[in-house]
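So the sequence shown is numbered by this note's numbering: it starts at 1 and just counts up by one.
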Amino acid sequence: MTAISLEPLDLAALLCSRVCHDVISPVGAIVNALEVLEEDDPSMRDFALDLIKKSARSASARLQFARLAFGAAGSAGAMIDLGDAGNVANGFLNDDKLSLDWEAPRALLPKNQVKLLLNLLILATHAVPRGGKLVSRATIEGEQGRFVITATGSHARIPNHVEDLIAGHSETGTIDAHAVQPLYTGMVARAAGMAISFAIEGDTVSITAQKAD
Numbered sequence: 001m002t003a004i005s006l007e008p009l010d011l012a013a014l015l016c017s018r019v020c021h022d023v024i025s026p027v028g029a030i031v032n033a034l035e036v037l038e039e040d041d042p043s044m045r046d047f048a049l050d051l052i053k054k055s056a057r058s059a060s061a062r063l064q065f066a067r068l069a070f071g072a073a074g075s076a077g078a079m080i081d082l083g084d085a086g087n088v089a090n091g092f093l094n095d096d097k098l099s100l101d102w103e104a105p106r107a108l109l110p111k112n113q114v115k116l117l118l119n120l121l122i123l124a125t126h127a128v129p130r131g132g133k134l135v136s137r138a139t140i141e142g143e144q145g146r147f148v149i150t151a152t153g154s155h156a157r158i159p160n161h162v163e164d165l166i167a168g169h170s171e172t173g174t175i176d177a178h179a180v181q182p183l184y185t186g187m188v189a190r191a192a193g194m195a196i197s198f199a200i201e202g203d204t205v206s207i208t209a210q211k212a213d
């Protein structure tokens, strides 16, 4: 494995691509529904309005999640409320394929720890590509969190190369838009002074993040 070399502008571009990818689908659905309304077909009006409402909620949830997971979320050294993060995560991740149980006290944590938790939740969804149940547990001691996320579902797996990418390595030393998520997660973990580990047992993948030794 080779250490990944990535210019700051390239990292920013890949993260922007990642966020846009999440938002394009619901925004595109809104555009399609508006076109249906323009046809002035009464039989399709309720369908189109329902699609607009669902897609607008989805786009809003995805943007709110991205703001915390990838955005600045305040000035340097800012603290983020875990309760707010839980509300955002539930809005983004609970759908027809996935369910999320968020188990965390209402507490303020340094922003990089909260950003790490949200990014780990995204990696957990990759562990159950056919959908399933996510459980996110957080324990807090002072201003230090410990996170354990489990992803349970059919054909659960530890995503390919995820541990190498988190460590900042790839086979070629380069990455594409699909690999930026675990790479960024590893960068946030190091900034937060935390270490990440993966385990799998049956149809359950566990991801643990705790203070690095």
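By construction, the Cβ of each residue, glycine as well, lies at the ideal position given by its N, Cα and C atoms. Just so we're clear, the structure is a prediction, and the values are computed from it rather than from any experiment.
*asked:* Given this structure, state the Cα-to-Cα distance separating Ile52 from Pro26, to the nearest angstrom.
replied: In the sequence shown, residue 52 corresponds to position 52, counting from 1. In the sequence shown, residue 26 corresponds to position 26, counting from 1. Answer to the nearest angstrom: the Cα atoms are 9 Å apart.
*asked:* Taking contact to mean 3 or more Cβ pairs, one atom from each stretch, closer than 8 Å, check whether the region 60–73 and the region 28–39 are in contact.
replied: no
_Extent of the continuous alpha helix (DSSP H) run through Leu34_ = Translated into the one-based positions of the sequence shown, residue 34 becomes position 34. Taken as a continuous stretch (DSSP letters only), the alpha helix (DSSP H) holding Leu34 covers 8–38.
*asked:* In whole angstroms, give me the CA-to-CA distance for Leu183 and Leu49.
replied: In the sequence shown, the residue the question calls residue 183 occupies position 183. In the sequence shown, the residue the question calls residue 49 occupies position 49. Here the C-alpha atom of Leu183 lies approximately 39 Å from the C-alpha atom of Leu49.
*Any idea what DSSP makes of Arg62, helix, strand or coil?*
Locating residue 62 in the sequence shown gives position 62, counting from the first residue. Helix.
*Proximity below 8 Å, CB of Ile149 to CB of Leu120*: Stepping through the sequence shown from its first residue, residue 149 is reached at position 149. Stepping through the sequence shown from its first residue, residue 120 is reached at position 120. Yes, the Cβ-Cβ distance between Ile149 and Leu120 is below 8 Å.
*In three-state terms, what does DSSP make of Glu163?*
Looking up residue 163 in the sequence shown gives position 163. In this structure, Glu163 counts as helix in the three-state DSSP scheme.
*Cβ atoms of Ile207 and Arg85: under 8 Å apart, would you say?*
Stepping through the sequence shown from its first residue, residue 85 is reached at position 85. Stepping through the sequence shown from its first residue, residue 207 is reached at position 207. It should be noted that the sequence gives Ala, not Arg, for residue 85. Going by C-beta atoms, Ala85 is not nearer than 8 Å to Ile207.
*May I ask you to report which of helix, strand or coil DSSP gives Gly186?*
Reading the sequence shown from its first residue, position 186 is the one you call residue 186. Three-state DSSP puts Gly186 in a helix.
*Pick out whichever of Met187, Thr204, Gly202 has its Cα sitting closest to the Cα of Ile196.*
Counted from its first residue, the sequence shown places residue 196 at position 196. Ranking the options by Cα distance to Ile196, first place goes to Met187.
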